[in-house]
Every structure is written in C-alpha cells, then in structure tokens.
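Visitor: Take this structure, written in structure tokens, and hold onto it; I'll ask about it next.
Numbering (the numbering used here), first residue to last: 32 to 451.
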C-alpha cells in the first residue's frame with residue numbers, strides 16, 4: 032500500500048493545462064502541488080485579451096479556477112519556483128524544488144505603498160517590455176496570488192530600505208534568500224507550456240529595427256485595457272492610429288531555419304487581431320499574408336465571418352522582406368504573390384508578426400530522461416512511468432484543447448497512483 036505522501040501529484044506549470052490538471056486531480060480527492068516559475072498563476076492565458084472564436088475575455092474563467100484553487104485544501108502552490116531535480120520512480124518520486132525570493136511575504140494587502148515609494152523602473156515582463164513599471168510591482172491587475180514583487184535591482188539599491196519602511200504591514204523582507212523544499216509525490220504532470228519565438232532572429236522582418244513591427248503576443252497586450260496603451264491600438268513609433276496594418280503569418284514558422292512546424296493557432300489569432308483593429312479603426316485597411324489558412328472544424332465559421340469584411344484582404348503570399356518606405360514613416364513589404372507568381376511591394380503603417388509557439392522544453396529540459404521530438408516537444412503524453420506531459424509541452428495547441436489535455440493528464444496521474 033502506498034503512503035499518503037506518495038498519493039500526491041506534482042504539477043509543473045500553471046497555464047491552462049497545468050491548472051486544469053491540478054484542479055481536476057484535487058477535486059477527485061488527491062493532494063496536489065503546483066510549481067510555477069512566474070510570480071502568478073495562469074500562464075500565457077492571463078496575457079490574452081480575448082479568446083477566439085467567441086471574442087470573450089479569459090478573466091472570468093481564470094477567476095473561477097483561482098477560486099477553486101483557493102478554496103481547495105488539497106492544493107498547495109509555489110510561485111517563483113522551479114524543479115531542480117527528480118529522483119525515484121513511479122509511485123515514489125522525490126522532487127527538489129527551488130523557491131526564489133519574492134521579497135514580499137503573505138502579509139501583503141496590495142496597498143501599493145511600496146510602489147509609491149519606489150522610483151526605480153523596469154521593463155514590464157507581463158506586457159513583453161512594451162512599457163515600464165515600478166521595480167516594486169503587482170505582476171498584473173488580476174494576479175493570483177495578489178501580492179507584490181520586488182525586483183532584484185531594487186533590493187540591491189540604496190532605495191530598498193525606504194521602500195521597506197513604506198510598507199505599513201511589515202510585508203517586505205529584503206533578506207529573503209532562495210530556499211529548497213523536497214516534495215515526495217506519486218506522479219508528476221509536466222505542463223511548462225511555450226514561449227513566443229524570438230522575433231529578433233527574423234533578420235529580414237526588421238523587428239529590432241522598426242518600432243512599428245510588433246509580434247502577435249504584443250498586439251494581444253496592446254488591445255487589452257490592462258496593456259501598455261490601455262487598450263488603444265496605435266503605432267508604437269508615434270502613438271497615432273494606423274491606417275493600414277499587415278499581419279504576416281508563419282513569421283519564423285514552417286521554416287527550417289527557425290521553427291519547422293506549424294503552431295496551428297496563429298492564423299486564427301491574426302484574424303482575431305484583425306477584428307480588434309477594425310473595431311477601433313473602421314477605415315483601416317488590413318492585409319493578412321498567408322501560406323495556408325489553418326481554421327479547422329467549427330473554427331472555419333470564424334474564418335468565413337472575418338473574410339466577409341471588405342476591409343480585410345487575405346493575400347496568399349510569403350513576405351520576403353520589410354523595410355522603411357520612402358516617406359520614412361511607413362513600412363514597405365516585399366511579397367511574393369504565389370497566386371499571380373509575381374513580386375509586389377505594399378506599404379502599411381504597422382506590421383504584426385505571427386510568431387509561432389516554441390515549447391519551453393526545447394530550452395529547459397525535464398530533469399529526468401524523457402523522449403523529445405525533433406522540435407523540443409515531449410514526444411509522448413506518457414513521458415516516463417509516472418510522468419505525464421500536458422498541453423503545449425507536447426504539442427502546439429489552443430486553449431480549449433489544453434484544458435482537455437490537462438484533464439487527460441490528471442486521469443493518467445491518478446491511474447498511475449491507483450495502480451501502486
């Protein structure tokens with residue numbers, strides 16, 4: 032008979048697949064530990080403005096899941112944490128967890144006094160560096176747990192003591208140090224998700240050179256009321272409304288020099304972004320440059336609806352290069368029109384690159400031997416006896432599929448424990 036300790040499940044990552052797996056397992060009666068690298072739960076979904084095809088915000092669903100976690104005594108979570116090592120075998124794993132210092136303890140009431148006292152600013156990681164925030168910050172408005180974080184640059188500065196003294200609740204601990212805890216668990220679910228492919232590697236698209244070339248994830252934050260422009264879609268260079276916007280599909284995807292695979296969701300994300308622009312700027316002309324449109328099953332209806340808009344032109348062609356146009360303000364796209372078998376040059380005010388989903392496991396592998404495919408995804412859901420991959424750890428996927436995959440992983444983990 033397995034001990035009570037080893038009846039527990041470790042979930043690494045708290046995006047939609049990880050969070051779903053943790054909640055499902057806990058509500059089935061199993062103790063669950065969540066380990067999350069960020070200072071908040073929710074993963075990439077927390078940074079999304081609206082889902083497609085319904086175009087509704089994710090916060091309602093996230094809030095429900097946060098409440099389920101908060102009210103369930105079987106769930107314990109660690110933020111700003113990472114798994115350093117895993118030893119043992121199915122039914123009896125020892126996981127060493129590193130807890131990085133937040134410099135703010137559980138006494139925090141989110142009063143904001145520390146931010147008021149702080150003058151040091153850092154790039155906002157939640158908004159992909161598109162704006163600055165104080166070095167004493169709440170990760171985002173709906174962050175769970177609702178607790179501030181102090182950046183290391185502040186902790187090491189001459190300002191640190193002043194910020195600490197500003198807190199009326201004694202919530203700031205400048206002497207916090209990294210800690211490790213050992214968790215004994217019966218099964219592990221690895222759901223560390225994905226990161227946007229680095230657009231700086233796409234030399235011909237001018238991402239690092241032209242401020243009006245942004246990525247799809249940056250557009251998502253720009254459209255959000257909690258984003259860097261409070262929801263206004265504008266040209267980063269001058270804050271003006273764009274009169275024309277180009278969406279460049281497969282920016283680095285399906286390319287042997289970058290990401291050789293299709294991420295599956297980028298086409299629909301760009302269509303969604305096109306609706307954002309059209310809502311705010313009814314006269315704006317929009318181009319969507321594509322190789323193939325991926326909109327399967329029920330999502331084809333969304334594609335058909337977007338395609339009806341006369342201001343949105345779907346252009347079958349690969350963008351070869353982006354440069355400044357003759358005015359010095361616009362962007363010139365050199366495009367291979369595959370239908371007409373000709374090269375065209377099209378000038379626009381703003382460009383959005385649909386960069387693909389790179390699995391985090393392509394750069395940060397599991398601390399145990401598991402099989403990977405050629406792209407860095409874990410090659411199978413049953414990664415190893417007692418260890419299960421979920422969501423974008425094993426394949427590019429949308430939110431609804433990630434939720435289903437999280438449930439499947441939870442069932443696998445429960446079956447693994449029940450067999451012991």
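Quick reminder that beta carbons are idealized off the backbone N, C-alpha and C, glycines included.
Are three or more beta carbon pairs between the segment 211-224 and the segment 172-192 nearer than 8 Å?
Guide: no
Visitor: Answer yes if the segment 397-417 comes into contact with the segment 295-312, meaning at least three C-beta pairs across the two stretches below 8 Å, and no otherwise.
Guide: no
Visitor: Apart from the five residues on each side of it in sequence, which residues of its chain come closer than 8 Å, Cβ to Cβ, to residue 250?
Guide: Sequence index remark: in the chain shown, residue 250 carries index 219 (1-based). 264, 304, 307 and 383, listed in sequence order.
Visitor: Just verifying my parser: in three-state terms, what is the DSSP assignment at residue 127?
Guide: Start at 1 with the first residue of the chain shown, and residue 127 comes out as number 96. It is a strand residue.
Visitor: Could you have a look at residue 69 and say whether DSSP puts it in helix, strand or coil?
Guide: Taking the first residue of the chain shown as 1, we reach residue 69 at position 38. Here residue 69 sits in coil by DSSP.
Visitor: Output yes or no for whether 9 Å exceeds the beta carbon distance between residue 252 and residue 389.
Guide: Along the chain shown, read from residue 1 onward, the residue named residue 252 stands at position 221. Along the chain shown, read from residue 1 onward, the residue named residue 389 stands at position 358. It is not a contact, given that the beta carbons lie outside the stated cut-off.
Visitor: Relative to the C-alpha of residue 114, which residue among 211, 70 and 183 is closest?
Guide: The residue you call residue 114 lines up with position 83 of the chain shown. For residue 114, the nearest C-alpha among the options comes from 211.
Visitor: Quick check: the segment 312-324 against the segment 226-246, are there 3 or more CB pairs under 8 Å?
Guide: No contact exists between the segment 312-324 and the segment 226-246.
Visitor: Work out the CA separation of residue 362 and residue 459 for me, nearest whole Å.
Guide: This structure leaves residue 459 out entirely; the chain is present only between 32 and 451.
Visitor: Pull up the DSSP beta-bridge partners for residue 107, would you.
Guide: Here the question's residue 107 lines up with position 76 in the chain shown. DSSP, once it has assigned bridges, lists 64 as partnering residue 107.
Visitor: Exposed or buried, residue 437, counting other C-beta atoms within 10 Å across all chains shown (16 or more means buried)?
Guide: As a working mapping, residue 437 is identified with position 406 in the chain shown. In the assembly as shown, residue 437 is a buried residue. Its beta-carbon has 16 or more other beta-carbons within 10 Å.
Visitor: Determine which residues share a DSSP beta bridge with residue 203 and list them.
Guide: As a first step, residue 203 is located in the chain shown; it is residue number 172 there, counting from the start. Paired residues: 135.
Visitor: Counting only runs of 4+ residues fully inside the segment 385-448, write out the alpha helix (DSSP H) ranges in chain order.
Guide: none
Visitor: Do residue 333 and residue 278 come within 9 Å of each other at the CB atom, strictly closer than that value?
Guide: Residue mapping note: residue 278 aligns to position 247 of the chain shown, counting from 1. Residue mapping note: residue 333 aligns to position 302 of the chain shown, counting from 1. Against a cut-off of 9 Å, the Cβ pair of residue 333 and residue 278 comes out as no contact.
Visitor: Tell me whether the segment 179-189 and the segment 119-138 touch, counting them as touching only if at least three CB pairs, one residue from each stretch, are closer than 8 Å.
Guide: yes
Visitor: Taking the continuous alpha helix (DSSP H) assigned at residue 366, which residues delimit it?
Guide: Taking the first residue of the chain shown as position 1, residue 366 is located at position 335. Residue 366 -> not in any alpha helix (DSSP H); beta strand (DSSP E) instead, spanning 362-368.
Visitor: Which runs of the alpha helix (DSSP H), 4 residues or longer, sit entirely within the segment 137-184?
Guide: Counting only runs of 4 or more, we get 144-148.
Visitor: From which residue to which residue does the beta strand (DSSP E) around residue 208 run?
Guide: The residue labelled residue 208 in the question sits at position 177 within the chain shown. Counting along the chain, residue 208 falls outside any beta strand (DSSP E), and DSSP gives it neither H nor E.
Visitor: By the three-class DSSP mapping on this structure, what secondary structure does residue 336 have?
Guide: Counting from one through the chain shown, the residue named residue 336 turns up at place 305. Helix, per DSSP.
Visitor: Do the segment 423-440 and the segment 41-55 touch if we need at least three Cβ pairs shorter than 8 Å?
Guide: yes
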